[in-house]
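Single-structure report; data block below.
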Amino acid sequence: MSKANLTQRIWLSFIAIIVMLGVLIAVIYPLSIQGTLEEESYQIILDEQRRFINPISDDFLLDENKKDFIERREAARSVGHVLLINRQGRYKGDPIPQQVFNEMATNAYNQPHELARYNLKYEEATLFYVIRKIDFAGNHTYFISYMWDTYRNQMVQQLWQRLLFILLIAGAASLFPALWLARYLREPLVELGKRFDQIAKRNWKEPFKLEGGEEFETLSRQFELMRQNLIKYDEGQKMFIQHASHELKTPIMIIKSYAQSVKDGVMEEEDLDETMDIILHEASRMEKRTRDMIYFSKLDTLQDEKVTKEEEWIRFGTLANEIEERFRYQRDDVQIMIEGEEVQFVGDGEQFEILLDNLVQNALRYAKDTIILKAEKSEKATVISVFNNGSGIPEEEQKQMFEPFQKGNGGQFGLGLAIVKKITSLHNGTVTVGNRENGVEFSVKIPEID
């Protein structure tokens with residue numbers, strides 16, 4: 001079935017459902033109908049018995065040779081009668097085998113009520129019979145009427161035949177809805193396949209929309225969302241390459257021009273040390289930019305890992321003091337203060353070191369004389385903030401500050417805050433920036449792990 005086409009699969013599914021229903025009916029229906037048919041058989045016997053005894057007279061006679069006991073078995077609704085007189089073992093009516101007569105007589109003699117129903121097995125068949133007590137010619141007599149299970153068996157057989165016929169017709173008729181359903185499902189799937197082929201060829205500019213039921217519309221929305229995300233990703237990749245090329249182009253040109261000047265001998269000897277310093281400075285800038293780009297790309301690959309391998313308890317004071325020592329002498333006019341040293345939280349130690357490093361580097365570029373590193377617990381979360389008392393940031397710039405290559409006034413490469421956002425997202429947190437009364441504050445909120 002794995003190699004069958006859509007039409008065959010749907011049709012086989014229809015057939016499987018019909019067969020299951022047929023088996024269910026075949027098991028349940030005979031059991032439920034058997035009691036009804038037995039009841040109807042007894043009713044036929046009673047009706048025939050009443051016809052004989054209403055009114056009963058002394059010249060009441062039974063035909064003894066009309067049909068043989070076994071011959072009645074072949075007739076569907078044939079009822080035979082036996083008149084058992086007293087307890088003398090004499091009877092009138094159909095000749096019946098001694099074994100059957102003995103069982104009937106025993107039941108009749110022990111019967112407490114006027115009327116009772118019985119059945120017995122004889123030669124792999126069932127015999128239904130009714131015994132009625134009557135007074136006949138001044139004697140206590142038992143009127144026994146019987147009928148074979150032929151009627152019941154024929155009815156069940158007819159029902160089976162009709163059921164089989166209905167199942168065959170239903171199986172053949174199911175081909176038409178199967179064809180319709182296959183066509184109904186195939187058209188959007190074929191269209192979807194064509195779109196996947198286009199996406200495989202990086203052609204995702206054309207919008208996608210499927211007309212149909214709710215399921216197709218949901219599929220259409222999901223596909224369209226995927227297409228738009230691919231476009232954004234593609235544009236992001238192109239923008240990343242363009243910005244990276246542009247940012248690396250300037251230091252490369254400076255290094256190349258100064259190196260060429262030294263090689264050509266046009267540089268004065270007294271300016272040689274200064275030239276080497278410029279080359280080394282630009283090389284360091286290029287190295288940092290390259291390192292930031294590599295790390296930013298690495299964070300993209302970790303997006304689905306959710307920092308499960310490197311989680312550890314981090315003491316904020318240990319982390320903040322290390323950062324403070326690193327930048328203590330970068331600006332002598334700026335004091336870096338730490339609050340909430342005892343706060344602990346779970347995360348990737350290396351990533352949070354880079355996160356705090358980037359925030360402090362950003363603060364050093366704008367602070368007048370104060371930077372405050374702070375951690376506190378708030379609503380089942382840890383909030384880490386970096387405050388500097390520099391100038392405020394316009395609201396329109398705040399919305400874009402965490403996007404790659406977005407540089408504010410005095411910014412360098414435009415990846416530092418984007419890396420902060422990536423690391424925060426990997427820890428299921430949020431990062432915000434806001435102007436305060438006397439400066440600017442960046443806040444990172446990391447939820448606690450249950």
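When we follow full-length UniProt numbering, the leftmost residue of the sequence shown carries the number 1, and every step to the right adds one.
Don't be surprised by glycine CBs; every beta carbon is placed ideally from N, CA and C.
| Check | Outcome |
| --- | --- |
| Distance between W160 and R9 (C-alpha atoms, nearest Å) | 28 Å |
| I338, DSSP secondary structure in three states | strand |
| Nearest-angstrom beta carbon gap, S145 and I45 [assumed within contact, 8 Å] | 5 Å |
| Contact set for D135: own chain, Cβ-Cβ below 8 Å, skip 5 residues either direction | T141 |
| Of the residues T424, L84, Q361, Q335, the one placed nearest G347, counting alpha carbons only | T424 |
| Sheet register partners of Q344 (DSSP bridge) | R315 |
| Straight-line gap, Y366 to D234 (C-alpha atoms, nearest Å) | 34 Å |
| Beta-carbon proximity of F402 to G439, cut-off 7 Å | no |
| 6 Å Cβ shell around E311 - same chain, five flanking residues per side excluded | V346 |
| Exposure label - D59; buried when at least 16 CB within 10 Å | With a pLDDT of only 45 at D59, under the threshold of 50, the placement of this residue in the model should not be trusted, and no figure is reported. |
| D197 burial status per 10 Å Cβ neighbour count (16 or more: buried) | exposed |
| Extent of the continuous beta strand (DSSP E) to which K377 belongs | 370-377 |
| Assumed close pair F442, S378 - CB separation to whole angstroms, cut-off 8 Å | Rounded, the Cβ-Cβ distance is 16 Å, inconsistent with contact. |
| CB of I393 within 7 Å of CB of V360, strictly | no |
| Collapsed DSSP secondary structure at H113 in the structure displayed | coil |
| N388 - containing beta strand (DSSP E), residue span | 381-388 |
| DSSP beta-bridge partners of P447 | A381 |
| Inter-residue spacing [alpha-carbon to alpha-carbon] between K421 and G434 | 15 Å |
| Contacting residues, own chain, Cβ-Cβ under 7 Å from I279 (five flanking each side not counted) | I255, Y258, A259 |
| Cα-Cα separation, H81 to T36 | 23 Å |
| Backbone CA spacing between E353 and L181 [nearest angstrom] | 59 Å |
| Counted within 10 angstroms of its Cβ, other Cβ atoms place H427 as buried (16 or more) or exposed | buried |
| Of the listed residues E40, R195, P95, V156, nearest to F128 (C-alpha basis) | E40 |
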